[in-house]
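Residue numbers (mature numbering (1 follows the signal peptide of the UniProt record, and there is no 0)): -19 to -1, 1 to 735.
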C-alpha cells in the first residue's frame, strides 16, 4: 500500500507543478500525434537551448554553443553581453570549415568517449584576459579576437597549417601559448611570435605522449594527458606505453567499405597500458620522468592538478583493484620525493571524482570522500591533516561548483531533499556545523550550475518533468538576474502542436528485498479508457552509478510510446547512482543479481495495477540496459513477453579492465561471478521474441558481443531478430539512423505486445 500512496502523492505534486507553469490545460494546444521522424527533425521540440556556457573572465560576457532551428545538429558559437542583454552569433561553424561535420579519426573517437552528439563547433575556450576565444574544429585551431565594438565582426586567425590534425587544444594559464596534441606528441604555439615548439618526442604505434589512454577516457573520465603549471614554466605530461595491451583485430563494416582496425583493447584480467608522468621545463626544454609504474606498481593515474603557486603538482593513483586511491603531492623540484597526503580505502571500490580544489594560499584544499557512506566535502591542510568536515548527512554531494576564498564559502550541487532532484547549495568553510548548508536553487527539478570566475554570478541550466530546459543568470545568493533562455511552453513553442496529447510522468517508490527505496516513474497513455488493459514497456538501464529516474525533462521516445498506447515504466535498481555506498555497492562481484531482482519487483508492481495487461510486458535497454534486457527476458520469460537489446554486453570477459574489474574483479579471481553475470550462460533459455541491434564499428562494446550471442542462439536453433548498423559506433549517432532505430523498436513492440 505504501508504494501506491507515494505514487498518488507524487503524481498530485507533478500535476500541481504543471498547473503552476501554465502547461496543465493541454486542451488549449494542438492534438497532433508525435512521430519518430518529428522527434529527430527540425525545429528541435525542446528548442535549441544554449549549451556549454562559459563566462568570460570578468563575467560580463557569456559564450555558448547553439544550433540553428533549421539544422539542430550543427553548433555555432554565440555570445551574450550581460550589460546590453543581447545575444548574437559570434562565429558560425561554416565560417571556419566548408564541411562542419568533418572531423579527424582522433576527434571522432574523443567525441565518442565524451558522448558528444552534435557537429560543428563542439568545444571552445576563453583566453585568460577574455579578449579571444580558441575554437578547435576538424583538426584546425582558430583564434577569434573580439572587437571592442560589440556590433563589429570578430577577427578570425588560423593558428596551424591546413594539414595539422590537432586535438585537446587549450590556452596556457596566462595566455602566452596555445598547446595541442597531434599524432601522439605535444606541441605549443607561442602566440606573440607564431613559433611552434614540440614538447615531446613523436608518438608511435605503441607509444604516445600527452594523451589519455582508452580506459582513462572511457571509464575514468580523464580526457587529457597534459597539464600546464599556473606560471607556465612547467607542463606535466603523460607517456603511455600500449605495447603490452592485447591487440584486437576489429572489422568495421561500412555501407561502402570494410576496414580492418587493429585496436589495442585492455580486456578484463589482461595487461593495461603503462602510464608515466613527466615534468617538462620550458626554459630548459627537457622532461624529467617520475617513473610512476616503478613507484606504485600496477594501477591507474586517475587525476593530475597543479597547486595555485606552481610549487607542487598533485596526482591521484588508484590501485589495479580500485580499492585504494591515494593523493600525492610532487614538488616541481623533481629531486624531492612525492608525499602521500591521504588515502581512501574500500573493501569494494573507490569512485573517482573531480572534487579536489586547492585554495589560493596553496596550503589548504577541499576533498570529496564517501567514507561516511555518502559523498561529502572535507577541508584539509596540504600536510594531510583534516581541519573539518564541510557537509554531512544521509544524502550525497554531486560536485563542487565554485570556491570563494574571500567569503569562505564553497558552492556545490547535491541531493539533500530528494535523490530525484539536484540543487545548488552553499556551505561555510569556517564553521563546524556541516549538516545545514544553505539551498540557493528553489524550483523543483534538476539544476546544473556554472559559476563566473569571481563567484559573483552563476548560470543555472534547469529542467523538470513539466518544464523543458531553461537557462538563467543568477546572483551569488540565488536571485535570478535575467533569463538567457526562458523556453516557456506557449502556442508558438515547437511542442504546442502536441501538448493536447501529452502525458507527464508520475513518480513513486517501491521497496527492495533489503527495504531500500527504489524510485520509479510511470508514463501513461494520455487518454486511458476505463476497464481496458494496456501493454507496458520497461525502459531499463540498471548499470552502476547511472540514474534514470529524475525530475527532469523526459525523452521523447517514451512520450511517443505512451501516445501509441503503451505504459512506459522506469525504475532505478540497487547499484544505480546518487543513493550512497550501501545502495550502490551491493552489486560488488555479482552483477545482474540484485539489479534483476529489483526490476522484477518493478514488474510485480506493474502487474498489480488494474489497467496493466500483465501478459504484455516488454523491456528495452541500450548498452548496460541491453545487457539487463537480455537477462530479464532470458531468465524470466514468465514476466517479460518481448525484449529489445541495443549494443549489449554479453560476455564480461570481452569488456575493459577498469570498468569490469571495479564491479566483478578479474575472471581469474572471480570465475563464478563472471559465469553468473554473462548473458551467454542463459542464451539457450530464450522463449520470447527478441530484437538485438548493434553498431558495426563499435569500439566500446565490441560487435563481438552480439556476434557471440547470435551464434549461441543459432546453435540452440532459437529464432531472434538482428539489426546491424554499418559504420556506427556505440552511440549510433545520426538523424537517419536514429529514426530507423526507434521506428524498428516501436514496430517490434507493436507486433509482439499490442
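All residues carry an ideal CB built from backbone N, CA and C; glycine is no exception.
The beta carbons of residue 55 and residue 74 sit closer together than 8 Å. Three or more beta-carbon pairs drawn from the region 360 to 368 and the region 316 to 326 are found closer than 8 Å, and the two stretches are therefore classed as touching.
Counting every other CB atom within 10 Å of its CB across the protein chains shown gives residue 487 a total of 16 or more, marking it as buried.
Under the Cβ criterion (8 Å, minimum of three pairs), the region 648 to 660 counts as touching the region 597 to 617. Going by beta carbons, residue 342 and residue 380 fall outside the 8 Å limit.
Counting C-beta pairs with one atom in each stretch, the region 94 to 108 and the region 63 to 81 have three or more that are closer than 8 Å, which means they touch. Contact fails between the region 613 to 633 and the region 272 to 290, because fewer than three Cβ pairs, one in each stretch, are under 8 Å apart.
Taken in chain order, the unbroken stretches of beta strand (DSSP E) that lie wholly in the region 76 to 163 and span 3 residues or more are 113 to 118, 121 to 126, 136 to 139, 148 to 152 and 158 to 163. Comparing alpha carbon positions, the residue from 419, 274, 251 and 384 closest to residue 219 is 274. Using a C-beta cut-off of 8 Å, the region 511 to 529 makes contact with the region 553 to 567, since at least three inter-stretch Cβ pairs fall below that distance.
About 5 Å separates the Cβ atoms of residue 543 and residue 506, confirming a contact at the 8 Å cut-off. Residues 615, 616 and 618 of the same chain have their beta carbon placed closer than 8 Å to that of residue 666, with the five preceding and five following residues left out of the count. Shortest Cα-Cα distance from residue 157 to any of 419, 137 and 178 involves 178. When 253, 471, 61 and 463 are compared, the shortest CA-CA separation from residue 187 is found for 253. In this structure, the alpha-carbon of residue 392 lies about 13 Å from that of residue 417. CA-CA distance, residue 32 to residue 645, rounds to 36 Å. Counting the other CB atoms within 10 Å of its CB gives residue 469 a total below 16, which places it among the exposed residues. Relative to residue 508, the option among 195, 592, 425 and 519 whose CA is nearest is 592. Distance from the CA of residue 190 to the CA of residue 166, rounded to the nearest whole angstrom, comes to 5 Å.
With 16 or more other CB atoms across the displayed protein chains lying within 10 angstroms of its CB, residue 711 is buried.
In the three-state reduction of the DSSP assignment, residue 202 falls in the coil class.
When only Cα atoms are considered, residue 425 and residue 402 end up about 7 Å apart.
Residue range 448 to 455 is occupied by the beta strand (DSSP E) that includes residue 449. Note on the region 292 to 380: whole beta strand (DSSP E) runs with a minimum of 3 residues are 293 to 300, 305 to 312, 320 to 326, 337 to 339, 345 to 350, 357 to 362 and 367 to 370, in chain order.
DSSP lists 452 as the bridge partner or partners of residue 466.
By the neighbour-count criterion, in which 16 or more other beta carbons inside 10 Å mark a residue as buried, residue 556 falls on the buried side. 8 Å or more divides the Cβ of residue 289 from the Cβ of residue 182.
Between the C-alpha atoms of residue 652 and residue 378 there is a straight-line separation of about 35 Å.
Close CB contacts of residue 326 within its chain, under the 7 Å cut and outside five residues either way in sequence, are with 304 and 305 (chain order). With respect to residue 554, residue 491 sits apart: the two C-beta atoms are not nearer than 8 Å. Excluding its 5 nearest sequence neighbours in each direction, residue 271 has C-beta neighbours in its own chain below 8 Å: 257, 258, 259, 260, 311, 315 and 319, listed in chain order.
Residue 681 is classed as buried because its beta carbon has at least 16 other beta carbons within 10 Å across all chains shown.
Separation of the CB atoms of residue 435 and residue 40 is rounded to 6 Å, and the pair is thereby assigned contact status at 8 Å. Looking at the DSSP output, residue 394 bridges to 380 and 405.
Here the alpha carbons of residue 209 and residue 154 stand approximately 7 Å from one another. From the listed residues 244, 112, 159 and 348, the smallest Cα separation to residue 216 is found for 159.
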